[in-house]
Each structure stands twice: as C-alpha cells, then as structure tokens.
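For the sequence shown, the numbering used here assigns the number 14 to the initial residue and increments by one for each residue that follows. Quick reminder that beta carbons are idealized off the backbone N, C-alpha and C, glycines included. Model, not experiment: these values are computed from the prediction.
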Amino acid sequence: MSIDASQFKNALKLWASGVTVVTAHSESEGPKGMTVTAFSSVSAEPAQILVCLNQSADTGALIQEQGRFAVNVLNSDQQTVSNQFAGGSSQAERFAQLNWRAGETGVPVLSDALASLECRVVEAVKAGSHWVVIGEVQAVSCQDGSPLLYFNSAYRALA
Ligand SMILES: Cc1cc2nc3c(=O)[nH]c(=O)nc-3n(C[C@H](O)[C@H](O)[C@H](O)COP(=O)(O)O)c2cc1C
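And the structure:
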C-alpha cells in the first residue's frame, strides 16, 4: 500500500516546528544559506544534530564540499529573513540585507538569530530527494527572544 504526495504533505504540514536558516561559506562565492524546518537534535554526547536538505539546493552542495555549516534558529521577527532564504533572491541579496558574521569556525552566523550551532559534517546520507546531513556541533551562541514557528503552511508565534 502507498500514499500519494499530497496525502503525505497534508499530514506533514500538521507538524509544528521552528524555522532555521542553514548557512555555509564558499571561498570563491561568499556566504550561502537556505531556510530549513527539517532540523532535529540527534545526540547530546557527542553533540550532534541533523538537517534534511533538498539535493537540488545550492547550499546543500556547498556543505558537502566544505564539510562545515551553521544552523541559525530564527526569532519571531525574522519572517522576512525566512522568505528571503527560501528562494526568489540571489545569495548576495539574502546576505546583503541582514547582520551576519563569520562564526568561530568560519561559517556564516546570523547575528540576530535566537541560537546558532556551528557544525562539522559527520555523515551525509541520501534519502529520496534529500540529503540527511548529520553535524557535530563545535560552537554555539544563544540570545533571549521568541522563536519563529511554522505550522499548516503559515508562520506563527508563541501565544
Ligand atoms: C518554511 C520553509 C521551510 C523549508 N524547509 C526546508 C527544508 O527543511 N529542507 C529543504 O531542503 N528545503 C526547505 N525549504 C525550501 C528551501 O528553503 C528553498 O528551496 C531554498 O531556496 C533552497 O535554496 P536555493 O534557493 O539556494 O537552492 C523550506 C522553505 C520554507 C519557506
């Protein structure tokens, strides 16, 4: 028995999540990033997380090449940032309009994010249309604030 893609999407959009921007750095092309909700904690010791990235995404290819990336957890004021990093604008435009810095490991870190986790790629597994990328967390930064949430195809905030 199998289900079709719309049944799958209808069920999955009922999963509420935070919103992240996953970033990496290219020496020749500069910073790159994409909006990602498929993010999860994997293990505390060692500290590992995972993200699922479409194999067609520019940023995913760069992460495979560089072996480093950051996951930036967006705050509730960063809906525009999420939309910009979800396509439509060039990588240069995405980064021109926000505060970012090179993190401790050299990957781009969004200065206003609630949390940033700088990672080294431990393993990348092809699964369907996506890469499941497992990263070991090498540096973290956090600040106070409320998260941007995503549920049923719309942005939300904590009540
Ligand atoms: C709310 C939201 C969540 C998203 N989550 C993911 C995700 O988890 N994985 C993924 O590969 N793409 C996800 N996307 C789509 C990518 O952000 C989008 O395809 C991105 O533009 C790809 O980067 P590129 O334009 O550099 O190729 C999401 C988009 C939005 C708006």
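Residue of the options minimising C-alpha distance to residue i
| i | options | result |
| --- | --- | --- |
| L27 | S56, V49, F164, L171 | F164 |
| T36 | P160, G141, E78 | E78 |
| T118 | Q92, A167, Q151 | Q151 |
| I76 | S39, V32, S30, R114 | S39 |
| A70 | R81, A109, R114, H143 | H143 |
Residues that DSSP places opposite residue i in a beta bridge
| i | result |
| --- | --- |
| R114 | V122 |
| S54 | I62 |
| K139 | W144 |
Assigned secondary structure, residue i (DSSP; H/G/I helix, E/B strand, else coil)
| i | result |
| --- | --- |
| G46 | strand |
| A18 | helix |
| L75 | helix |
| N165 | coil |
| E149 | strand |
| E106 | helix |
Contact test: residue i Cβ vs ligand 1 heavy atom, cutoff 8 angstroms
| i | result |
| --- | --- |
| S95 | yes |
| K45 | yes |
| N67 | yes |
| A18 | no |
| V153 | no |
Separation of residue j from residue i, as counted between CA atoms
| i | j | result |
| --- | --- | --- |
| P44 | E106 | 11 angstroms |
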